[in-house]
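Residue numbers (the numbering used here): 104 to 264.
Ideal placement from N, C-alpha and C gives every residue a C-beta, glycine not left out.
Written out below as structure tokens is the structure these notes cover.
Right, dumping it as structure tokens:
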């Protein structure tokens, strides 16, 4: 999937450092940019693969990281042969409690630690995140997608500590 991010950003990006989490593009424009349908992008959200920013009026807005996450999802589907459920289960293997450095008491009561089928941000969707942290800004959600190529060494590295 080829994105023309450089030209798109050159025309729209503010001068100076670009906030990777700032909502910058609507779902219809993102669909055109990614060559996916609006409904495919909505399905990614419904299944929990991505958390879009919502405006006060409820419109979905995407940030730069969301566009990169969509590229990663498409790579996992087209190049690795995974489906949406497979991607969710892969991301469910991320030990969020290790990244968040949860204590034993928090870990015992955390539903995400007990659910091996869904990533923490899907399990905790109804609770609006863990410990008051918005899942959209959490490092587990934000950077978990980037770990998929080398998840095994990541998990082994965490176990070796």
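Query: For residue 51, which residues does DSSP report across the bridge?; Result: It is not possible to answer for residue 51, since the shown part of the chain is limited to 104 through 264.
Query: Does the count of Cβ pairs from the region 129-140 and the region 148-163 closer than 8 Å reach three?; Result: yes
Query: Please classify residue 168 as buried or exposed, where buried requires at least 16 neighbouring CB atoms within 10 angstroms.; Result: buried
Query: Express the C-alpha separation of residue 216 and residue 241 in angstroms, rounding to a whole number.; Result: 16 Å
Query: Would you call the CB atoms of residue 191 and residue 150 closer than 9 Å?; Result: yes
Query: Given a cut-off of 9 Å on the beta-carbon distance, is the pair residue 233 and residue 154 in contact?; Result: no
Query: For residue 128, which beta-bridge partners are listed by DSSP?; Result: 165
Query: Would DSSP call residue 217 helix, strand or coil?; Result: helix
Query: Tell whether a beta-carbon distance below 9 Å holds between residue 222 and residue 199.; Result: yes
Query: Please return the same chain residues whose Cβ sits closer than 6 Å to the Cβ of residue 156, not counting the five positions on each side in sequence.; Result: 126, 164
Query: Take residue 219 and list the residues in its own chain whose beta-carbon comes closer than 7 Å to its own, dropping the five residues that flank it on each side.; Result: 195
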